[in-house]
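*Asks:* Structure incoming, see below.
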Amino acid sequence: MKSFFEWFHSDTVNQLQPWLILGKGPSFSKRTQFDLNPYHKISLNHAVRELPVRVAHVIDLDVVNDCGEIILHNAEFLVLPWMPHIRSRPGPHDLGEVAQTHPVLRALDRQGRLLWYNHSRARYQRDGSPVVRVKFFSAVAAINLLAQA
């Protein structure tokens with residue numbers, strides 16, 4: 040499993056291509072009015088249900104439980120905090136532990152499609168990667184993740 044930052048700086052990510060963050064807000068319904076092809080697309084939580092994306096960003100494992108099969112189909116990569124949340128709070132287990140028992144995460148990990156990052160609300164962080172400031176919304180984490188990368 041790679042950190043988001045390790046993956047982002049690999050040869051497989053076009054650094055010149057802009058990113059588009061897709062959430063469930065009111066502007067999401069207007070997405071069909073624009074050509075999204077010029078962008079790397081990163082979805083927030085359940086928005087991965089609606090279209091294929093380069094990266095699905097999820098903080099809470101409940102979203103993976105809700106959208107597991109869709110994530111496998113619509114997301115090239117899934118990125119979660121090293122200490123994923125459960126019901127909107129940092130969980131007790133790290134992503135490495137959770138991926139061993141969760142079928143969707145295990146499949147993504149085996150396929151090299153599972154990415155992680157340290158988030159500021161976690162009890163502890165994994166060495167070797169910066170800490171991404173997380174507030175109350177997934178969008179804050181995704182923006183900070185991309186900005187730091």
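Just so we're aligned, residue 40 is where the sequence shown starts under my numbering, counting upward by one. Note that CB positions come from ideal geometry on N, CA and C, so glycine has one too. Note that the coordinates shown come from a computational prediction; the quantities given were computed from them, not determined experimentally.
1. CA-CA distance, H112 and N76?
2. In whole angstroms, give me the CA-to-CA distance for C106 and Q72.
3. At what residue ranges does the stretch 125-162 contain a whole run of the alpha helix (DSSP H), taking only runs of 4 or more?
4. In the DSSP assignment, what residue or residues form a beta bridge with L83?
5. Whether or not the stretch 127-139 and the stretch 84-95 are in contact is what I'm after, with contact meaning three or more pairs of Cβ atoms, one per stretch, closer than 8 angstroms; do they touch?
6. What are the boundary residues of the beta strand (DSSP E) that includes W46?
7. At the level of alpha carbons, what is the spacing between R149 and Q139?
8. For L117, which beta-bridge partners are listed by DSSP?
9. How many Å lie between I60 and Q54 at the Cα?
10. Taking the alpha helix (DSSP H) that L185 belongs to, which residues open and close that run?
11. Quick one: Cα of A180 to Cα of K174, how far?
12. Let's see if you can read the secondary structure: which residues bound the beta strand (DSSP E) around L61?
13. Can you tell me which of the three DSSP states V170 falls into?
14. Cutting at 6 angstroms between CB atoms, please list the residues of its own chain near Y78, excluding the five before and the five after it.
15. With distances taken from CA atoms, which of H132, R162, V118 is nearest L83?
*Replies:* Here's the rundown:
1. Between H112 and N76, the C-alpha separation is close to 18 angstroms.
2. It is roughly 25 angstroms from the alpha-carbon of C106 to the alpha-carbon of Q72.
3. Uninterrupted alpha helix (DSSP H) stretches at least 4 residues long and entirely within the stretch 125-162 occur at 134-140, 142-149, given in chain order.
4. L83 is bridged by DSSP to H96.
5. Cβ pair count under 8 angstroms is below three, so no.
6. Here W46 belongs to no beta strand (DSSP E); instead the alpha helix (DSSP H) covers 43-47.
7. The C-alpha of R149 lies about 10 angstroms from the C-alpha of Q139.
8. Per DSSP, the beta bridge partners of L117 are A95, L153.
9. Their Cα atoms are separated by approximately 16 angstroms.
10. Start and end: 177-187.
11. Distance from the CA atom of A180 to the CA atom of K174, rounded to whole angstroms, is 7 angstroms.
12. Where L61 is concerned, the enclosing beta strand (DSSP E) stretches over 58-61.
13. In the structure shown, V170 sits in a strand (DSSP, three-state: E or B).
14. Here the set comprises P57, L59.
15. Nearest option by C-alpha distance: V118.
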